[in-house]
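Asker:
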Amino acid sequence: MDDDRNGDLFARLSPEGRLLAPVGYRFLHPRATRATVLRLVECRPHRTVGYVCGSFRKPISRCLGPDDET
Amino acid sequence: MILILSQSSLEPTTEEVMDWVEALGGRCVRLNGDDVEGRSEIRIEIAGGRLALRFESSGVELPLEEAGAVWFRRWLYERRHETVDLLADPGADDHTLHHQLRRHLTLESRRLSDFIFSSFEHLPWLSHPRRSNLNKLAVLRRAAREGIATPATLVTTEREALRRFCAEHGAVITKPIGEVEAFIAGEVSHFLFTTPLGPAEIEALPERFAPSLFQERIEKAYELRVFYLDGEFHAMAIFSQNDPQTRADFRQYNRERPNRNVPYRLRPELAERLLRLMEDLELETGSIDLLVARDGREVFLEVNPVGQLGMVSHQCNYQLEREIARLLLRKEDHGRRP
């Protein structure tokens, strides 16, 4: 049941939501939310903390630090 | 010093350009949109005609007053308040209140960002937030005016109008009028890709629906992703047509068996027209999507002023990150001259 629920987002919209959604919403492409790390970013720690990730949630950057002054 | 306005996630290009700026002898400071959204300490003081703009991150104050040029790469993927419940104990009738709170916080955040951008107006910029959100439909019109082939396009709320469009142009696709989005619901992400619509799917639509964009479906030989930088085009051909997974939209990546991508040289006549379009749009950078139809037509789809460039740069060995760093350093140098 959860699979069905997650697989068709349009079906989860309210009747009003369906009226307001463009046609493309009826043909969304479901895909497992990837937790795979796409690319490690190996930079100085003051500038980069973390990694780029498909989940859109991982922080990667920091700003200027002492190393940049040298 | 180059001031880079960017975002903290999904943005490896910024990191690579920063490395090149430093390798070429320059210095840069990076301010992310999400630093303004609470990751940095902010103090903006306006006293009379004087403005003090202070951002402090991990105890280090960003030396913004040393900036000699600005690169607007990106800014915010999402605002903090857009992802959290703002009401501690929302009642059944609180949907409107929650929406109003979010809308107001979004406007506050936009106004603050606009002011931060405006405080660097005296510097030379590469890309500018004012020109980062193009209207897809307006750009199509401008491209057509430059003599560039564009797909027949319909925006409608009526199934009957869509039927007539299909009768005239054949098969169609639908895609967002604005941005491609991924709706994340737990373990499943729902992507708004370009989607072909068959007759059965069109017949299953209600007579009236929300305004939606449709375009003629062009049988393509291959797709072109072109990165434009300061008067030059760096193009890559993507052979996405032979894989059912990527046929309608190459962004439905086949990671097991990736599309073949090769460097590509634009015909001079097409390049001239695209150049006029980019000048008309006042863009110095942009990721342009085109496709080459089986009948040889080169059809313009859209341009994203802050689009990804890594896939073109790395696979075609164009070193675009280095070229951007060089351009930024030239701008900084020009900005110093009286």
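Quick note, the sequences are listed as chains A and B, same order. Be aware that the first sequence starts at 2, since it is given in the working numbering, and climbs by one per residue. Be aware that the second sequence starts at 103, since it is given in the working numbering, and climbs by one per residue. Note that the Cβ used here is the ideal one computed from N, Cα and C, for glycine as well.
Give, in chain order, every unbroken run of the alpha helix (DSSP H) that is at least 4 residues long and sits entirely within the stretch 274–350 of chain B.
Answerer: Correct list: 301–305.
Asker: Determine contact between the stretch 178–191 of chain B and the stretch 242–258 of chain B, defined as no fewer than three beta-carbon pairs at a distance below 8 Å.
Answerer: They do not touch, by the three-pair rule.
Asker: Return the first residue and the last residue of the alpha helix (DSSP H) that W122(B) is part of.
Answerer: Per DSSP, W122(B) belongs to the alpha helix (DSSP H) from P114 to A125.
Asker: What is the residue span of the alpha helix (DSSP H) that G388(B) lies within?
Answerer: Not the alpha helix (DSSP H): G388(B) falls in the beta strand (DSSP E), residues T387 to A395.
Asker: Near G135(B), which residues of its chain fall below 6 Å by C-beta distance, leaving aside the five closest residues on each side in sequence?
Answerer: Only Q109, W177 and L178 meet the Cβ criterion.
Asker: By a C-beta neighbour count over all protein chains shown, 10 Å radius and 16 as the cutoff for buried, is E113(B) buried or exposed?
Answerer: Looking at its Cβ environment, which holds 16 or more other Cβ atoms inside 10 Å, E113(B) is buried.
Asker: Please state whether DSSP places F222(B) in a helix, a strand or coil.
Answerer: Coil at F222(B), not helix or strand.
Asker: Using the Cα positions of A254(B) and D196(B), report the straight-line distance between them to the nearest angstrom.
Answerer: Answer to the nearest angstrom: the Cα atoms are 43 Å apart.
Asker: Report the neighbours of T297(B) on chain A: residues whose CB is nearer than 7 Å to its CB, in chain order.
Answerer: Simply G25 and F28.
Asker: Have a look at the DSSP bridge pairing and note the partners of R156(B).
Answerer: The partner list for R156(B) (beta bridge, DSSP) reads R145(B).
Asker: If you draw a straight line from the alpha carbon of R129(B) to that of L228(B), how long is it in whole angstroms?
Answerer: Near 16 Å, if we compare the C-alpha coordinates of L228(B) and R129(B).
Asker: Under a CB-based cut-off of 7 Å, is L294(B) close to chain A?
Answerer: Output row for L294(B): interface = yes.
Asker: Does any residue of chain A have a CB that is nearer than 7 Å to the CB of P278(B)?
Answerer: By this cut-off, P278(B) is an interface position.
Asker: From the beta carbon of P31(A), is the nearest beta carbon of chain B less than 7 Å away?
Answerer: Closer than 7 Å to some Cβ of chain B, the Cβ of P31(A) qualifies, so yes.
Asker: Where E321(B) and A273(B) are concerned, what is the direct C-alpha to C-alpha distance, given to the nearest angstrom?
Answerer: Looking at the two C-alpha atoms, the distance is approximately 10 Å.
Asker: Would you say A12(A) faces chain B, with C-beta separation under 7 Å as the test?
Answerer: Chain B contact via Cβ: absent.
Asker: Does R247(B) pass the burial test, meaning 16 or more other C-beta atoms within 10 Å, or should it be called exposed?
Answerer: Label assigned to R247(B): exposed.
Asker: Are the CB atoms of A302(B) and S291(B) nearer to each other than 7 Å?
Answerer: In this structure, S291(B) does not lie closer than 7 Å to A302(B) by Cβ.
Asker: Is the CB-CB distance between A172(B) and F217(B) below 7 Å?
Answerer: Sequence check: residue 172(B) is Val here, not Ala. No, Cβ-Cβ distance for V172(B) and F217(B) is not below 7 Å.
Asker: Within the 7 Å Cβ cut-off, does A125(B) reach chain A?
Answerer: So, not an interface residue.
Asker: Thinking L79(A) and F293(B) are a contact (beta carbons under 8 Å), I'd like their distance in whole angstroms, please.
Answerer: This structure cannot speak to residue 79(A), because chain A is shown only from 2 to 71.
Asker: Check the Cβ of A354(B) against every Cβ in chain A and list those closer than 8 Å, keeping chain order.
Answerer: Per the sequence shown, the amino acid found at residue 354(B) is Gln instead of Ala. Those within 8 Å of Q354(B) in chain A are H30.
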